[in-house]
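Beneath this line is the structure, given in C-alpha coordinates, with notes to follow.
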Amino acid sequence: MNRPAALAVIGGGDVYEDLFTAASQLAAVAAEAGLATRPSMGTARVAQAAEHDLVLLYTAMGSFPEPAQVALAAAVQAGTGLVAVHSANVFPDQGGYESVHGLIGSRYVSHGPAPHESRFTVRTDPEHPLTRGLGDFEITHEHYHLELRADVRVVAWREAEPVAHVRREGRGRVAYVQLGHDMRVWDDPKARALMTRCIEWVVS
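So, in C-alpha coordinates, the structure goes:
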(Lines of atoms letter the chains of each structure in order from A and count residues from 1; the text may use other names and numbers.)
(Lines give C-alpha, C1' and ligand atoms only; values in the text may rest on other atoms or scores of the structure.)
Protein backbone atom coordinates (compact mmCIF):
# COMPACT_ATOMS: atom_id res chain seq x y z
CA MET A 1 0.00 0.00 0.00
CA ASN A 2 1.29 3.45 -0.89
CA ARG A 3 1.85 5.93 1.93
CA PRO A 4 -0.38 9.01 1.93
CA ALA A 5 1.29 11.82 -0.02
CA ALA A 6 1.82 15.41 1.11
CA LEU A 7 2.91 18.46 -0.86
CA ALA A 8 4.74 21.10 1.20
CA VAL A 9 4.36 24.43 -0.60
CA ILE A 10 6.82 27.10 0.54
CA GLY A 11 7.00 30.55 -0.99
CA GLY A 12 7.48 34.26 -0.47
CA GLY A 13 10.09 36.90 0.07
CA ASP A 14 9.62 37.93 3.70
CA VAL A 15 13.15 37.82 5.13
CA TYR A 16 11.77 37.57 8.67
CA GLU A 17 10.41 34.07 8.08
CA ASP A 18 12.72 31.05 8.08
CA LEU A 19 11.20 29.36 5.06
CA PHE A 20 14.02 26.93 4.31
CA THR A 21 13.99 25.55 7.85
CA ALA A 22 10.21 25.36 7.69
CA ALA A 23 10.35 23.32 4.48
CA SER A 24 12.58 20.66 6.02
CA GLN A 25 10.76 20.65 9.35
CA LEU A 26 7.30 20.37 7.81
CA ALA A 27 8.49 17.42 5.72
CA ALA A 28 9.91 15.81 8.86
CA VAL A 29 6.72 16.33 10.87
CA ALA A 30 4.61 14.93 8.03
CA ALA A 31 6.92 11.91 7.85
CA GLU A 32 6.44 11.38 11.58
CA ALA A 33 2.70 11.35 10.86
CA GLY A 34 3.23 8.67 8.19
CA LEU A 35 3.13 10.78 5.02
CA ALA A 36 5.62 10.86 2.17
CA THR A 37 6.27 14.54 1.53
CA ARG A 38 7.59 16.49 -1.44
CA PRO A 39 8.74 20.04 -0.62
CA SER A 40 8.12 22.60 -3.35
CA MET A 41 9.13 26.24 -3.69
CA GLY A 42 6.49 28.55 -5.13
CA THR A 43 2.70 28.53 -5.03
CA ALA A 44 2.37 27.49 -8.68
CA ARG A 45 2.74 23.90 -7.49
CA VAL A 46 -0.65 24.00 -5.74
CA ALA A 47 -2.05 23.26 -9.20
CA GLN A 48 -1.02 19.68 -8.31
CA ALA A 49 -2.80 19.74 -4.95
CA ALA A 50 -5.52 17.33 -6.04
CA GLU A 51 -2.88 14.64 -6.61
CA HIS A 52 -2.05 14.67 -2.88
CA ASP A 53 -3.76 13.72 0.35
CA LEU A 54 -2.41 16.81 2.11
CA VAL A 55 -1.04 20.24 1.29
CA LEU A 56 1.22 21.97 3.82
CA LEU A 57 1.20 25.69 3.07
CA TYR A 58 3.80 28.11 4.43
CA THR A 59 3.97 31.35 2.47
CA ALA A 60 5.38 34.71 3.51
CA MET A 61 4.19 37.74 1.51
CA GLY A 62 4.75 35.94 -1.77
CA SER A 63 2.79 35.80 -5.00
CA PHE A 64 -0.31 33.61 -4.92
CA PRO A 65 -2.20 34.10 -8.21
CA GLU A 66 -5.97 33.72 -8.15
CA PRO A 67 -5.94 30.60 -10.42
CA ALA A 68 -3.63 28.86 -7.96
CA GLN A 69 -5.89 29.83 -5.05
CA VAL A 70 -8.91 28.46 -6.90
CA ALA A 71 -7.08 25.21 -7.70
CA LEU A 72 -6.17 24.73 -4.06
CA ALA A 73 -9.72 25.42 -2.91
CA ALA A 74 -11.10 22.93 -5.45
CA ALA A 75 -8.68 20.24 -4.28
CA VAL A 76 -9.67 20.76 -0.65
CA GLN A 77 -13.36 20.73 -1.51
CA ALA A 78 -12.77 17.36 -3.20
CA GLY A 79 -11.05 15.92 -0.11
CA THR A 80 -7.41 17.03 0.01
CA GLY A 81 -6.43 18.16 3.51
CA LEU A 82 -4.80 21.55 4.11
CA VAL A 83 -2.56 22.64 6.98
CA ALA A 84 -1.65 26.32 6.74
CA VAL A 85 1.27 27.45 8.87
CA HIS A 86 2.14 30.78 10.49
CA SER A 87 2.32 33.51 7.83
CA ALA A 88 0.29 31.57 5.25
CA ASN A 89 -2.55 34.03 5.93
CA VAL A 90 -0.34 37.14 5.53
CA PHE A 91 -0.41 38.82 2.12
CA PRO A 92 0.25 42.28 0.67
CA ASP A 93 -2.36 44.95 1.36
CA GLN A 94 -3.48 45.40 -2.23
CA GLY A 95 -5.98 42.53 -2.04
CA GLY A 96 -6.62 39.65 -4.41
CA TYR A 97 -6.22 36.96 -1.77
CA GLU A 98 -9.84 36.50 -0.73
CA SER A 99 -9.99 32.89 -1.93
CA VAL A 100 -7.06 31.67 0.13
CA HIS A 101 -8.06 33.73 3.16
CA GLY A 102 -11.53 32.22 3.00
CA LEU A 103 -10.11 28.73 2.58
CA ILE A 104 -7.72 29.02 5.52
CA GLY A 105 -10.40 30.69 7.62
CA SER A 106 -8.42 33.65 8.88
CA ARG A 107 -6.56 36.77 7.81
CA TYR A 108 -3.60 38.38 9.55
CA VAL A 109 -4.46 41.88 10.80
CA SER A 110 -1.45 42.94 12.91
CA HIS A 111 0.96 41.92 15.64
CA GLY A 112 -1.27 43.71 18.10
CA PRO A 113 0.02 45.99 20.87
CA ALA A 114 3.68 45.84 21.92
CA PRO A 115 5.46 43.69 22.82
CA HIS A 116 5.02 41.79 19.56
CA GLU A 117 6.65 38.68 21.03
CA SER A 118 6.52 37.08 24.47
CA ARG A 119 6.55 33.81 26.33
CA PHE A 120 2.96 32.74 26.82
CA THR A 121 0.75 29.80 27.67
CA VAL A 122 -1.07 28.09 24.82
CA ARG A 123 -4.45 26.84 26.03
CA THR A 124 -5.94 23.87 24.17
CA ASP A 125 -9.50 22.65 23.69
CA PRO A 126 -9.94 19.43 25.71
CA GLU A 127 -13.09 18.52 23.77
CA HIS A 128 -11.87 18.63 20.17
CA PRO A 129 -10.23 15.40 18.88
CA LEU A 130 -7.29 17.36 17.47
CA THR A 131 -6.22 18.73 20.86
CA ARG A 132 -7.83 16.29 23.29
CA GLY A 133 -5.19 15.13 25.76
CA LEU A 134 -2.49 17.49 24.45
CA GLY A 135 -2.76 19.86 27.39
CA ASP A 136 -1.60 23.43 27.74
CA PHE A 137 2.02 24.44 27.12
CA GLU A 138 4.32 27.45 27.12
CA ILE A 139 6.12 28.83 24.08
CA THR A 140 8.04 31.95 23.07
CA HIS A 141 6.64 33.30 19.83
CA GLU A 142 5.48 36.43 18.05
CA HIS A 143 1.84 37.50 18.32
CA TYR A 144 -0.77 37.56 15.56
CA HIS A 145 -4.09 39.37 15.72
CA LEU A 146 -6.39 37.57 13.27
CA GLU A 147 -9.72 38.17 11.60
CA LEU A 148 -11.62 34.87 11.63
CA ARG A 149 -14.35 33.38 9.48
CA ALA A 150 -17.54 32.65 11.38
CA ASP A 151 -17.28 28.90 10.70
CA VAL A 152 -13.86 28.24 12.23
CA ARG A 153 -13.41 26.47 15.54
CA VAL A 154 -10.49 27.69 17.63
CA VAL A 155 -8.75 24.70 19.24
CA ALA A 156 -5.71 26.48 20.75
CA TRP A 157 -5.30 30.08 21.88
CA ARG A 158 -3.25 32.66 23.81
CA GLU A 159 -5.55 34.83 25.91
CA ALA A 160 -7.99 36.06 23.21
CA GLU A 161 -5.60 35.33 20.34
CA PRO A 162 -6.17 32.18 18.23
CA VAL A 163 -3.11 29.92 17.94
CA ALA A 164 -4.77 27.11 15.98
CA HIS A 165 -8.16 26.77 14.34
CA VAL A 166 -9.96 24.31 12.09
CA ARG A 167 -12.79 24.29 9.57
CA ARG A 168 -14.24 22.11 6.84
CA GLU A 169 -14.41 22.91 3.14
CA GLY A 170 -16.60 20.51 1.19
CA ARG A 171 -15.14 17.03 1.71
CA GLY A 172 -11.82 18.44 2.96
CA ARG A 173 -10.51 19.58 6.30
CA VAL A 174 -8.42 22.67 7.00
CA ALA A 175 -6.21 23.45 10.00
CA TYR A 176 -4.27 26.64 10.60
CA VAL A 177 -1.39 26.87 13.12
CA GLN A 178 -0.08 30.32 13.98
CA LEU A 179 3.14 28.87 15.41
CA GLY A 180 6.12 28.24 13.13
CA HIS A 181 8.19 31.42 13.04
CA ASP A 182 11.54 29.86 13.96
CA MET A 183 13.35 26.86 15.48
CA ARG A 184 12.03 27.61 18.97
CA VAL A 185 8.78 26.13 17.73
CA TRP A 186 10.15 23.21 15.73
CA ASP A 187 12.30 22.14 18.69
CA ASP A 188 9.44 22.34 21.20
CA PRO A 189 7.82 18.91 21.76
CA LYS A 190 4.31 20.22 22.49
CA ALA A 191 4.31 22.70 19.58
CA ARG A 192 5.57 19.94 17.29
CA ALA A 193 2.87 17.62 18.62
CA LEU A 194 0.23 20.25 17.82
CA MET A 195 1.52 20.43 14.24
CA THR A 196 1.50 16.63 13.96
CA ARG A 197 -2.03 16.45 15.27
CA CYS A 198 -3.17 19.02 12.72
CA ILE A 199 -1.73 16.87 9.95
CA GLU A 200 -3.35 13.73 11.32
CA TRP A 201 -6.72 15.44 11.76
CA VAL A 202 -6.95 16.86 8.23
CA VAL A 203 -6.10 13.51 6.59
CA SER A 204 -8.28 11.35 8.84
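For my numbering, add 20 to where a residue sits in the sequence shown, where the first one is 1.
The C-beta atom is built at its ideal place from N, Cα and C for all residues, glycine as well.
- In this structure, the alpha-carbon of Trp206 lies about 15 Å from that of Ile219.
- One thing to note: Pro149 has its Cβ within 8 Å of the Cβ of Trp221.
- Less than 8 Å divides the Cβ of Thr79 from the Cβ of Thr63.
- Taken in chain order, the complete beta strand (DSSP E) segments of 3 residues or longer contained in the segment 78 to 140 are 101 to 105, 126 to 130.
- Here the alpha carbon of Pro133 sits roughly 22 Å from the alpha carbon of Arg169.
- In this structure, Tyr36 and Ala104 do not form a Cβ contact; the two beta carbons are roughly 18 Å apart against a cut-off of 8 Å.
- Taking a contact as a CB-CB distance under 8 Å, the pair Ala213 and Leu154 counts as one, their CB atoms being some 6 Å apart.
- Residue burial annotation: Arg187 is buried, with at least 16 other C-beta atoms found within 10 angstroms of its C-beta.
- Contact between Thr144 and Val175 holds, since their C-beta atoms are separated by about 7 Å, short of 8 Å.
- One thing to note: Arg191 has its Cβ within 8 Å of the Cβ of Gly99.
- Contact holds between the segment 70 to 88 and the segment 107 to 119, because three or more Cβ pairs, one in each stretch, are under 8 Å apart.
- Burial check for Arg152: the Cβ neighbour count within 10 Å stays below 16, so the residue is exposed.
- Residue His161 holds the alpha-carbon nearest to the alpha-carbon of Leu199 among His161, Val75, His185.
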